[in-house]
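A short worksheet on the structure shown next.
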Amino acid sequence: MTAIQHISTGRRVKDKIVQGLVYLAFAMAVIPLISVLWLVISNGMTRFDMEFLTHSMNGIGARDAGGGAYHAIIGTLQQVLLASLISVPIGLFTAIYLVEYGNGGRLSRSISFFVDVMTGVPSVVAGLFVFAFWVLFLGFAFSGWAGAVALSILMMPTVVRSAEEMLRLVPNDLREASYALGVAKWRTILKVVLPTALTGIVTGVMLAVARVAGETAPLLLTVFFTNSINNDPFNGPQMGLPLFVFDQAARPNDTAIDRAWTGALTLILIVMLLNLVARLIAWWRAPARGR
């Protein structure tokens with residue numbers, strides 16, 4: 001009896017030690033995140049007002065007070081939207097092929113290999129590729145579209161991998177039940193598999209959006225700088241919030257630094273808002289709601 005109690009006590013002690021290490025690791029991961037958020041919020045609220053959200057930097061000098069990031073907000077929203085329109089369909093179709101049609105063949109293995117390679121590609125390399133091909137080789141000008149193409153290259157592997165994992169988690173029993181009713185494979189994927197994995201796919205897409213929304217290097221090479229509002233992403237330079245933050249932070253005066261902090265806060269809020277909207281859409285279209 002004493003030996004059993006000793007073993008039980010030893011296990012409880014080990015369990016408490018491991019539990020404490022897990023909590024410590026969680027705190028070590030969360031504390032830097034909270035500190036960064038607190039720093040951005042406390043410094044960014046200095047200029048977070050309607051003027052900042054509704055005005056551009058057109059006619060505002062480097063040391064002048066005022067001005068805003070409206071032109072950069074429009075640019076970021078358009079560039080991320082275009083990048084999503086390019087990468088999400090391609091990434092989703094690729095994931096469907098790998099899970100539903102690939103069957104471990106040579107083509108599917110090659111696709112998986114190149115997706116893994118693209119996952120590790122630095123963002124500046126994607127920007128250099130688009131700059132060399134779109135601007136230098138084809139002769140097109142800097143534009144928001146060129147930046148969106150560079151961002152889509154960075155988004156695709158994340159979308160593919162996240163969608164692939166979510167599709168693999170769908171139980172095969174659901175597919176077999178659909179096939180048993182005589183439903184075609186493409187219709188089973190469309191009506192059964194994709195709705196079941198929708199929440200996870202949306203989460204993966206938003207992770208990809210969050211990754212590219214703050215990228216600066218691809219935009220430096222493809223979008224360039226402008227202080228004016230450009231609502232046409234296919235024509236002329238177009239500002240983005242990462243570029244705005246980079247530009248303002250490089251200026252040695254307090255007014256520009258305040259604008260940089262507020263630009264960073266605005267970017268975080270936009271990403272959070274997009275995540276909230278995506279979550280609401282996924283919840284509304286979830287199979288459990290019977291839609």
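Numbering (the UniProt record's numbering), first residue to last: 1 to 291.
C-beta: ideal position from N, C-alpha, C; glycine also.
The model shown is predicted, which means the values in this text are computed figures rather than measured ones.
Could you give the DSSP three-state label for residue i: helix, strand or coil?
i, result
"Phe48", "coil"
"Thr222", "helix"
"Arg63", "coil"
"Ser84", "helix"
"Ile74", "helix"
"Asp15", "helix"
"Ile90", "helix"
"Leu169", "coil"
"Gly236", "coil"
"Thr9", "helix"
"Ala69", "coil"
"Met57", "coil"
"Ile34", "helix"
"Ile229", "coil"
"Arg291", "Because the pLDDT at Arg291 is just 48, under 50, the model does not fix this residue reliably, and the value given afterwards should be weighed accordingly. Coil."
Locate the alpha helix (DSSP H) running through residue i, then write down its first and last residues.
i, result
"Asp254", "Asp254 to Trp284"
"Pro242", "Leu241 to Ala249"
"Ala177", "Asn172 to Ala180"
"Ala210", "Leu198 to Ala213"
"Lys185", "Lys185 to Thr188"
Expressed to the nearest angstrom, what Euclidean distance is found between the alpha-carbon atoms of residue i and residue j?
i, j, result
"Arg251", "Gly91", "39 Å"
"Gln78", "Val271", "13 Å"
"Val99", "Thr119", "19 Å"
"Phe114", "Arg168", "19 Å"
"Ala72", "Glu165", "34 Å"
"Arg291", "Tyr70", "The predicted position of Arg291 is uncertain, since its pLDDT is 48 and thus under 50; a value taken from the coordinates is nonetheless stated next. For Arg291 and Tyr70, the distance between alpha carbons rounds to 38 Å."
"Val125", "Arg106", "27 Å"
"Gly20", "Pro32", "19 Å"
"Gly61", "Phe142", "24 Å"
"Ala163", "Ala95", "6 Å"
"Arg109", "Tyr97", "11 Å"
"Arg11", "Val18", "10 Å"
"Gly182", "Ala148", "42 Å"
"Pro171", "Ile111", "24 Å"
"Ile268", "Phe48", "13 Å"
"Ser35", "Leu221", "31 Å"
"Ala150", "Val135", "12 Å"
"Ala83", "Ser152", "5 Å"
"Ala282", "Leu274", "12 Å"
"Arg187", "Leu85", "23 Å"
"Phe131", "Gly139", "10 Å"
"Pro233", "Ala213", "16 Å"
In chain order, what residues of the same chain have a beta carbon less than 6 Å from the beta carbon of residue i, not counting five sequence neighbours either side?
i, result
"Ala278", "Val202 and Met206"
"Ala208", "Met155, Thr158 and Val159"
"Gln238", "Gly75, Gly144, Val223 and Asn230"
"Gly200", "Met166"
For residue i, I'd like the list of residues in its chain whose CB is within less than 7 Å of its CB, leaving aside the five on either flank, ordered along the chain.
i, result
"Asp247", "Phe225"
"Val88", "Val159 and Val205"
"Ala264", "Val40, Gly44 and Val245"
"Thr216", "Pro242, Leu243 and Phe246"
"Arg63", "Asn253 and Thr255"
"Ser123", "Leu154, Glu215, Ala217 and Pro218"
Note down, in chain order, each residue of its chain lying with its Cβ closer than 8 Å to the Cβ of residue i, except the 5 sequence neighbours on either side.
i, result
"Asp15", "none"
"Leu174", "Val192, Val193 and Thr196"
"His55", "Gly66, Gly67, Gly68 and Tyr70"
"Leu53", "Gly68, Ala69, Tyr70, Ile73 and Thr266"
Can you determine whether any heavy atom of the ligand FAD sits closer than 8 Å to the C-beta of residue i, and answer yes or no?
i, result
"Leu241", "The ligand FAD is not among the ligands present in this structure, which contains no ligands whatsoever."
Segments of 4+ residues assigned as alpha helix (DSSP H) that fall wholly inside the segment 93-161: 106-119 and 123-130
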